[in-house]
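S.K.:
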Amino acid sequence: MDFRPMPFDHPDAVKLNDQVQLEYAERYGDEGDATPLDPSMFVPPRGLYLLAYDALGRPVATGGWRTQDENDEGHADGDAELKRMYVVPEARGLGLARRILAALEEDARAAGRTRMVLETGTAQPEAIALYASSGYEPCAKFGLYRHHENSRCFAKPLT
Numbered sequence: 001m002d003f004r005p006m007p008f009d010h011p012d013a014v015k016l017n018d019q020v021q022l023e024y025a026e027r028y029g030d031e032g033d034a035t036p037l038d039p040s041m042f043v044p045p046r047g048l049y050l051l052a053y054d055a056l057g058r059p060v061a062t063g064g065w066r067t068q069d070e071n072d073e074g075h076a077d078g079d080a081e082l083k084r085m086y087v088v089p090e091a092r093g094l095g096l097a098r099r100i101l102a103a104l105e106e107d108a109r110a111a112g113r114t115r116m117v118l119e120t121g122t123a124q125p126e127a128i129a130l131y132a133s134s135g136y137e138p139c140a141k142f143g144l145y146r147h148h149e150n151s152r153c154f155a156k157p158l159t
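Just so we're aligned: 149 in UniProt numbering is position 149 of the sequence shown, and the numbers increase by one with no gaps anywhere.
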């Protein structure tokens with residue numbers, strides 16, 4: 001697999017983002033994740049967006065982090081928020097999500113962030129299992145969905 005930093009608005013990133021939004025809509029019976037995201041949020045050193053390409057040059061996985069500091073949505077100074085982790089169905093089970101997660105953690109740590117945080121939901125048990133097995137622990141809820149019953153928030157120190 002070939003891992004490449006890409007702009008959040010790159011056509012391949014948009015394609016995978018559209019796919020993950022459809023999966024969110026199917027799993028949760030809604031319109032997908034309505035969290036406002038802007039490509040500038042993922043520009044180093046305040047964030048990073050990664051795409052994984054297979055041997056045929058097809059985008060098969062994605063993930064990013066963006067800087068968060070203390071705000072009225074429950075973030076704390078030093079947070080790096082994980083966003084849009086996704087692996088296309090035909091590439092699941094190859095360890096891509098774990099590899100992207102590790103690369104994002106390392107990049108956020110190098111950028112001076114002290115904690116990686118993420119929000120997922122109860123309809124994504126495989127995501128929860130990945131994060132738990134990667135050292136993430138439940139934390140106080142934050143973000144757009146902090147008041148939703150099926151929202152789950154996790155954090156991992158980066159220091």
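Every residue gets a Cβ at the ideal spot worked out from N, C-alpha and C, and that includes glycine.
Quantities reported herein were computed from a predicted structural model and do not represent experimental measurements.
Could you please give the first and the last residue of the uninterrupted beta strand (DSSP E) stretch that includes alanine 61?
M.R.: As a first step, residue 61 is located in the sequence shown; it is residue number 61 there, counting from the start. Looking at the DSSP string, the run of the beta strand (DSSP E) that includes alanine 61 is 59-68.
S.K.: Using the Cβ count rule (16 or more neighbours within 10 Å means buried), how would you classify valine 14?
M.R.: Locating residue 14 in the sequence shown gives position 14, where the first residue counts as 1. Flag for valine 14 reads exposed.
S.K.: Measure the CB-CB distance between residue 185 and threonine 62 and report whether it falls below 7 angstroms.
M.R.: Residue 185 is absent from the structure shown; the chain starts at 1 and stops at 159.
S.K.: Helix or strand or just coil, what does DSSP make of phenylalanine 154?
M.R.: As a position in the sequence shown, residue 154 is number 154, starting the count at 1. Of the three classes helix, strand and coil, the one that applies to phenylalanine 154 here is strand, per DSSP.
S.K.: Suppose you measure from the CA of methionine 6 to the CA of histidine 148; what does that come to, to the nearest Å?
M.R.: Taking the first residue of the sequence shown as position 1, residue 6 is located at position 6. Taking the first residue of the sequence shown as position 1, residue 148 is located at position 148. In a straight line, the C-alpha of methionine 6 is about 31 angstroms away from that of histidine 148.
S.K.: Within the same chain, show all residues whose beta-carbon is closer than 6 angstroms to that of alanine 76, passing over the 5 residues directly before and after it, in chain order.
M.R.: Walking along the sequence shown from the start, residue 76 turns up at place 76. Cβ neighbours of alanine 76 beyond the five flanking positions: Glu70.
S.K.: Return yes when the Cβ of alanine 110 is within less than 7 angstroms of the Cβ of arginine 27, no when it is not.
M.R.: Position 27 of the sequence shown holds residue 27. Position 110 of the sequence shown holds residue 110. No, Cβ-Cβ distance for arginine 27 and alanine 110 is not below 7 angstroms.
S.K.: Who are alanine 119's beta bridge partners in DSSP?
M.R.: Counted from its first residue, the sequence shown places residue 119 at position 119. According to the sequence as given, residue 119 is glutamate; it is not alanine. The partner list for glutamate 119 (beta bridge, DSSP) reads Cys153.
S.K.: By DSSP, does alanine 52 sit in helix, in strand, or in coil?
M.R.: Here residue 52 refers to the residue found at position 52 when the sequence shown is read from its first residue. Of the three classes helix, strand and coil, the one that applies to alanine 52 here is strand, per DSSP.
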